[in-house]
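Q: Got a structure for you, written out below as structure tokens; questions coming shortly.
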Amino acid sequence: FMLMAGGGIAGGRVLGASDDKATGPAGDGWSPSDAAASFYHSLGIDHTKEYHTATGRPIMIVRDGQVISELFS
């Protein structure tokens, strides 16, 4: 379960569905990384960019997430 509002999120809708026993998603569903990518996207932050610490260590803010486009359409 996730609730989002503002930041370009299209309101008044429910995305996804549960299986027939309501124990998991019907179909593939979305991952926490997808939710994070969508959150950063709504803030205008490139979630695919590699950032670096002060010592030069590379950091990805989201590893494998993809923006959930249905949130913004």
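Each residue of the sequence shown is one higher than the last, beginning at 4 in our numbering. Yeah, the Cβ is synthetic: ideal placement off N, Cα and C, and Gly gets one too.
The beta strand (DSSP E) that contains H50, what's its start and end?
A: Unbroken run through H50: none, as it is neither H nor E.
Q: Taking the alpha-carbon positions, what's the A13 to A57 distance?
A: Looking at the two C-alpha atoms, the distance is approximately 37 Å.
Q: Can you name, in chain order, every residue of its own chain whose Cβ lies under 6 Å from the Cβ of I71, other than the five neighbours on each side?
A: W33, D37 and S41
Q: Taking its Cβ as the centre, do 16 or more other Cβ atoms sit within 10 Å of L74, making it buried, or is it exposed?
A: buried
Q: Using a Cβ-Cβ cut-off of 9 Å, state whether G59 counts as contacting chain B.
A: As a matter of chain content, chain B is missing from the structure shown, which is built from one protein chain.
Q: Identify the continuous beta strand (DSSP E) that holds M7 and give its terminal residues.
A: That residue, M7, is in no beta strand (DSSP E); it is neither H nor E in DSSP.
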